[in-house]
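*Asks:* Provided herewith is a single structure, encoded as structure tokens, for subsequent inquiry.
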Amino acid sequence: MTVAALSRRKWSPFALYRHSLWLLTSRDLKVRYSTSFLGYFWSILDPLVMAGIYWFVFTQVFHRSGGVGHEPYIVFLLSGLLPWMWFTGAVSDTTRAFLREQKLIRSTKIPRTIWVLRLVCSKGIEFVASIPVIAVFAIFTGATLHWEVFLSLLAIAMQAVLITGIGLIVAPLVVFFRDLERAIKLALRFLFYASPIIYSLDNLPGSLPTLAAFNPLSGIFSLYRAAFFPAQTDWFAVIVSAVMSLLILGVGILVFRGSIRSVLKQI
Amino acid sequence: MTQTSGVNDVTSNQPPVITVAGAGIRFQRNRSQRRTFKDLFASQARRVRPGEFWALRDINFTVRSGEAIGVVGRNGQGKSTLLKLVAEVMFPDEGSIGVAAGVAPLIEITGGFVDDLSVRENVYLTAGLHGMKKAEINERFDEIIEFAEIGDFLDTPYKHLSSGMRVRIAFAVISRLEEPILLVDEVLAVGDKGFKEKCYRRIEELLAGGRTLFFVSHNERDLRRFCTRGLYLDKGGLVLDGPIDEVIDRYNADYHSNV
Numbered sequence: 075m076t077v078a079a080l081s082r083r084k085w086s087p088f089a090l091y092r093h094s095l096w097l098l099t100s101r102d103l104k105v106r107y108s109t110s111f112l113g114y115f116w117s118i119l120d121p122l123v124m125a126g127i128y129w130f131v132f133t134q135v136f137h138r139s140g141g142v143g144h145e146p147y148i149v150f151l152l153s154g155l156l157p158w159m160w161f162t163g164a165v166s167d168t169t170r171a172f173l174r175e176q177k178l179i180r181s182t183k184i185p186r187t188i189w190v191l192r193l194v195c196s197k198g199i200e201f202v203a204s205i206p207v208i209a210v211f212a213i214f215t216g217a218t219l220h221w222e223v224f225l226s227l228l229a230i231a232m233q234a235v236l237i238t239g240i241g242l243i244v245a246p247l248v249v250f251f252r253d254l255e256r257a258i259k260l261a262l263r264f265l266f267y268a269s270p271i272i273y274s275l276d277n278l279p280g281s282l283p284t285l286a287a288f289n290p291l292s293g294i295f296s297l298y299r300a301a302f303f304p305a306q307t308d309w310f311a312v313i314v315s316a317v318m319s320l321l322i323l324g325v326g327i328l329v330f331r332g333s334i335r336s337v338l339k340q341i
Numbered sequence: 004m005t006q007t008s009g010v011n012d013v014t015s016n017q018p019p020v021i022t023v024a025g026a027g028i029r030f031q032r033n034r035s036q037r038r039t040f041k042d043l044f045a046s047q048a049r050r051v052r053p054g055e056f057w058a059l060r061d062i063n064f065t066v067r068s069g070e071a072i073g074v075v076g077r078n079g080q081g082k083s084t085l086l087k088l089v090a091e092v093m094f095p096d097e098g099s100i101g102v103a104a105g106v107a108p109l110i111e112i113t114g115g116f117v118d119d120l121s122v123r124e125n126v127y128l129t130a131g132l133h134g135m136k137k138a139e140i141n142e143r144f145d146e147i148i149e150f151a152e153i154g155d156f157l158d159t160p161y162k163h164l165s166s167g168m169r170v171r172i173a174f175a176v177i178s179r180l181e182e183p184i185l186l187v188d189e190v191l192a193v194g195d196k197g198f199k200e201k202c203y204r205r206i207e208e209l210l211a212g213g214r215t216l217f218f219v220s221h222n223e224r225d226l227r228r229f230c231t232r233g234l235y236l237d238k239g240g241l242v243l244d245g246p247i248d249e250v251i252d253r254y255n256a257d258y259h260s261n262v
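So the protein sequences, as listed, match chains A and B.
75 is the number of the first residue of the first sequence in our numbering; add one for each residue after it.
4 is the number of the first residue of the second sequence in our numbering; add one for each residue after it.
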């Protein structure tokens, strides 16, 4: 009798995926914003303080003697720092993607890639929400906005692919090798200085720019910067990082697929 | 005569909803064992590596729509693992498990609840994660709250609820999922007597509504109350699959002779 009515709830796999992904993403954001008094302002405050520190150190203390970066430096800095916050926040959170949600993962059968993707999404939304900060500084410092601002959309897509790929590799491996969590933290700290955030690719001496282009973040950040500094776009770096991002995503999917059944047993 | 005993005749011509064919799963004996990358990926191979054991092996059975199955066995014989395989929150290393209908898992029911969110938000979150649409949750929201007897705490953060309330709201949500298959894993051991009885009545209602039940318990009375068919697991194998009374008698006989 009622059983026939029960199966009326038909989800297409894609709709179910999107539905679950959105539920968990919005849960993450809700938890973050409801548990702290300052809520949204934390996602602005963090990059703001960082940018303030670097601005002070590099323009007031060191006077950027070699002409590192571009004027206005604060805008230059923020256009690298904000996407970096997305990258580092999401990657370091994926190290705990499974461990923190053990109980929930043990009781629901939603596609497991959602546990990684939700972090990419929630940190990505925070990144988008922090964009007004750079707009404010751009207005105050009189930086001109170029049509290349639309390249940021490409940059966002590439960065999402890259982070998802890294997350799919890191999240399952951390379950088995806990040391990886600390290794990732260390790698992120290194990567901050190895990426063109406080400097730009063309500040690097000798053949280093070519080498640095193989850091997928180089190409991505140069696309973001194109909004205010069109000369910054290094298409060689962009293509390399697009290829690298897709490659990492491919490896991520393989690692994730191969290890997920062991992960589910372990947690 | 219990009220469920007549169900068997009706279900014999129902389509199978759960098909378990040659299923097996193995685990690492101790966690500290050194793992290599090879272990991680070569999980489909049939041979057992040192330090591993089969928690379940060569399990075969079919469940038809509307059946009420009780799983019996001593601790550590794979009951909960079997339930997790049926819930598809774990995958078998060999064989296959087919589940043809939606599942409402009463396993770790409080697992999806978030401490910092309110009861209301948690209800929408958990029901949503189990595949309910917002409109459907709206429809059932009052019913859920009423069942959990938690009306005054709708906007209280979940972490401020007593442990009894937590179980109540969790049970209320999962049992309202309206999925054709119900999995129950001794969750009802918590909560006071009155609420436990309420949960049991709810399960009976669901059974009468044509649900398929998969029930893991150590409690003989509960097993006889709900189930018509029993599965007896021992040492990772399915020892007996038959009417619940027969299965419980066999289990008791083995248990007393073993100890």
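Each residue gets a CB set at the ideal place from its N, CA and C atoms; glycine is no exception.
1) From ASP119(B) to ILE110(B), what does the alpha carbon distance come to, in whole angstroms?
2) Confirm, please, whether the CB-CB distance from ILE334(A) to ARG56(A) is below 8 angstroms.
3) Look at the alpha carbon of ILE100(B) and the alpha carbon of GLU146(B), and state the distance between them as a whole number of angstroms.
4) Taking Cβ to Cβ, would you say VAL149(A) is nearer than 8 angstroms to ASN277(A)?
5) Taking 8 angstroms as the threshold (beta carbon to beta carbon), is ALA90(B) in contact with chain A?
6) Can a CB atom of chain B be found closer than 8 angstroms to the CB of THR187(A)?
7) Consider the Cβ of GLY9(B): report whether some Cβ of chain A lies at a distance smaller than 8 angstroms.
8) Grab me the residues of ARG331(A)'s own chain with a C-beta within less than 6 angstroms of its C-beta, minus the 5 sequence neighbours each way, in chain order.
9) Measuring alpha carbon to alpha carbon, tell me which of ALA217(A), TYR114(A), SER108(A) and LEU236(A) ends up nearest HIS144(A).
10) Rounded to the nearest angstrom, how far is the Cβ of VAL248(A) from that of THR187(A), given a contact under 8 angstroms?
11) Would the region 128-138 of chain B and the region 78-87 of chain B be scored as touching if the rule is three or more Cβ pairs under 8 angstroms?
12) Tell whether a beta-carbon distance below 8 angstroms holds between LEU236(A) and ILE322(A).
13) Looking only at C-alpha atoms, which of ARG174(A), ALA231(A) and LYS177(A) sits nearest to CYS195(A)?
14) Go ahead and label LYS328(A) buried or exposed: buried means 16 or more other beta carbons lie within 10 angstroms of its beta carbon, across all protein chains shown.
15) Please work out which residues of its chain come closer than 7 angstroms, Cβ to Cβ, to ALA58(B), disregarding the five sequence neighbours upstream and downstream, and give them in chain order.
16) Anything in chain A within Cβ reach of LEU120(B), meaning under 8 angstroms, just list it in chain order.
17) Could you tell me if TYR254(B) is buried or exposed, where buried requires 16 or more neighbouring beta carbons within 10 angstroms of its beta carbon?
18) If GLY105(B) sits next to PRO183(B), beta carbons under 8 angstroms apart, how far is it from one beta carbon to the other, in whole angstroms?
19) Could you give the first and the last residue of the continuous beta strand (DSSP E) run that contains ARG57(B)?
20) Give me the subset of the region 155-186 of chain A whose CB atoms are less than 9 angstroms from a CB atom of chain B, sorted by chain position.
21) Measure the beta-carbon distance from PRO283(A) to LEU275(A) and round it to whole angstroms, keeping in mind my assumption that it falls under 8 angstroms.
22) Please confirm if SER144(A) has its CB atom under 8 angstroms from at least one CB of chain B.
23) Can you list, in chain order, the residues of its chain whose CB lies under 8 angstroms from that of LEU241(B), leaving out five sequence neighbours each side?
24) Strictly below 7 angstroms CB to CB, what residues from chain B border LEU90(A)?
25) Quick check on the DSSP output: what are the complete alpha helix (DSSP H) runs of length 4 or more inside the region 153-224 of chain A, in order along the chain?
26) Quick check on PHE229(B) - is its C-beta less than 8 angstroms from some C-beta in chain A?
27) Which residue marks the beginning of the alpha helix (DSSP H) containing GLY332(A), and which one marks its end?
28) Can you tell me which of the three DSSP states ARG49(B) falls into?
29) Are the C-beta of GLN6(B) and some C-beta of chain A separated by less than 8 angstroms?
30) How long is the line joining the alpha carbons of VAL92(B) and ILE177(B), rounded to whole angstroms?
31) Are the region 191-210 of chain A and the region 260-269 of chain A in contact at 8 angstroms, needing three or more beta carbon pairs?
*Replies:* According to the data block:
1) Looking up residue 119(B) in the second sequence gives position 116. Looking up residue 110(B) in the second sequence gives position 107. Inter-residue distance for ASP119(B) and ILE110(B) is about 22 angstroms (C-alpha atoms, whole angstroms).
2) One cannot answer for residue 56(A) here, as it falls past the ends of chain A, which runs 75 to 341.
3) Taking the second sequence and counting its residues from 1, the one referred to as residue 100(B) is at position 97. Taking the second sequence and counting its residues from 1, the one referred to as residue 146(B) is at position 143. Using only the alpha carbons, I get a separation of about 34 angstroms.
4) Position 75 of the first sequence, counting from 1, holds the residue named residue 149(A). Position 203 of the first sequence, counting from 1, holds the residue named residue 277(A). Taking 8 angstroms as the cut-off, the beta carbon of VAL149(A) is found no closer than this to the beta carbon of ASN277(A).
5) As a first step, residue 90(B) is located in the second sequence; it is residue number 87 there, counting from the start. Yes, ALA90(B) lies at the interface with chain A (some Cβ there is under 8 angstroms from its Cβ).
6) Looking up residue 187(A) in the first sequence gives position 113. For THR187(A), the answer is no, since every Cβ of chain B falls outside 8 angstroms of its Cβ.
7) Translated into positions along the second sequence, residue 9(B) becomes position 6. The pLDDT assigned to GLY9(B) is 42, lower than 50, so where the model puts this residue is not dependable; a value taken from the coordinates is nonetheless given after this. Interface flag for GLY9(B) against chain A is unset, since no Cβ pair is found closer than 8 angstroms.
8) The count along the first sequence starts at 1 and reaches residue 331(A) at position 257. Excluding positions up to five away in sequence, the list is empty.
9) By 1-based counting over the first sequence, the position of residue 144(A) is 70. The shortest C-alpha to C-alpha distance from HIS144(A) to any of ALA217(A), TYR114(A), SER108(A) and LEU236(A) is the one to ALA217(A).
10) Position 174 of the first sequence, counting from 1, holds the residue named residue 248(A). Position 113 of the first sequence, counting from 1, holds the residue named residue 187(A). Actually they are not in contact, since the Cβ atoms of VAL248(A) and THR187(A) sit about 16 angstroms apart, beyond 8 angstroms.
11) Verdict: no, contact absent.
12) Residue numbering aside, residue 236(A) sits at position 162 when the first sequence is read from its first letter. Residue numbering aside, residue 322(A) sits at position 248 when the first sequence is read from its first letter. Yes, these two residues count as a Cβ contact at 8 angstroms.
13) The sequence position of residue 195(A) within the first sequence is 121, counting from 1. The option with the nearest alpha carbon to CYS195(A) is ALA231(A).
14) For the purposes of this step, residue 328(A) is identified with residue 254 of the first sequence, where counting begins at 1. The residue asked about is misnamed: residue 328(A) is Leu in this sequence, not Lys. When all chains shown are included, LEU328(A) counts as exposed.
15) In the second sequence, residue 58(B) corresponds to position 55, counting from 1. Counting only residues of its own chain and dropping the five nearest sequence neighbours on each side, ALA58(B) has a CB closer than 7 angstroms to the CB of ILE28, ARG29, PHE30, GLY81, THR84 and GLY239.
16) By one-based count along the second sequence, residue 120(B) stands at place 117. Here the neighbours are ARG101, LYS104, VAL105 and SER108.
17) As a working mapping, residue 254(B) is identified with position 251 in the second sequence. So TYR254(B) ends up on the buried side.
18) By 1-based counting over the second sequence, the position of residue 105(B) is 102. By 1-based counting over the second sequence, the position of residue 183(B) is 180. Correct: roughly 6 angstroms between the Cβ atoms.
19) Your numbering for residue 57(B) matches position 54 in the second sequence. Correcting the residue identity first, residue 57(B) is Trp in this sequence and not Arg. DSSP places TRP57(B) inside the beta strand (DSSP E), whose first and last residues are 55-67.
20) Per Cβ criterion, the list reads GLU175, GLN176, LYS177, LEU178, ILE179, ARG180, SER181, THR182, LYS183 and ILE184.
21) By one-based count along the first sequence, residue 283(A) stands at place 209. By one-based count along the first sequence, residue 275(A) stands at place 201. Going by Cβ atoms, the distance from PRO283(A) to LEU275(A) rounds to 5 angstroms, so yes, they are a contact pair.
22) Here residue 144(A) refers to the residue found at position 70 when the first sequence is read from its first residue. It should be noted that the sequence gives His, not Ser, for residue 144(A). No, HIS144(A) lies away from the interface with chain B (no Cβ there is under 8 angstroms from its Cβ).
23) Within the second sequence, numbered from 1, the residue matching residue 241(B) stands at position 238. Counting only residues of its own chain and dropping the five nearest sequence neighbours on each side, LEU241(B) has a CB closer than 8 angstroms to the CB of ASP61, ILE62, ASN63, PHE64, LEU234 and TYR235.
24) Your numbering for residue 90(A) matches position 16 in the first sequence. Within 7 angstroms Cβ-Cβ: GLY134.
25) The region 153-224 of chain A contains these whole alpha helix (DSSP H) runs: 176-181, 188-203 and 205-215.
26) As a working note, residue 229(B) is residue 226 in the second sequence. Residue contact check for PHE229(B) against chain A: no CB pair falls below 8 angstroms.
27) Counting from one through the first sequence, the residue named residue 332(A) turns up at place 258. Annotation: the continuous alpha helix (DSSP H) that includes GLY332(A) extends over 309-340.
28) Position 46 of the second sequence holds residue 49(B). Per-residue confidence for ARG49(B) stands at a pLDDT of 49, beneath the threshold of 50, marking its modelled position as unreliable; the derived number appears in the next sentence. Coil at ARG49(B), not helix or strand.
29) On the second sequence, position 3 is the one that residue 6(B) refers to. Caution is warranted here: a pLDDT of 40 is assigned to GLN6(B), below 50, making its placement in the model unreliable, and no coordinate value can be reported.
30) Along the second sequence, one-based indexing puts residue 92(B) at 89. Along the second sequence, one-based indexing puts residue 177(B) at 174. Their Cα atoms are separated by approximately 16 angstroms.
31) No contact exists between the region 191-210 of chain A and the region 260-269 of chain A.
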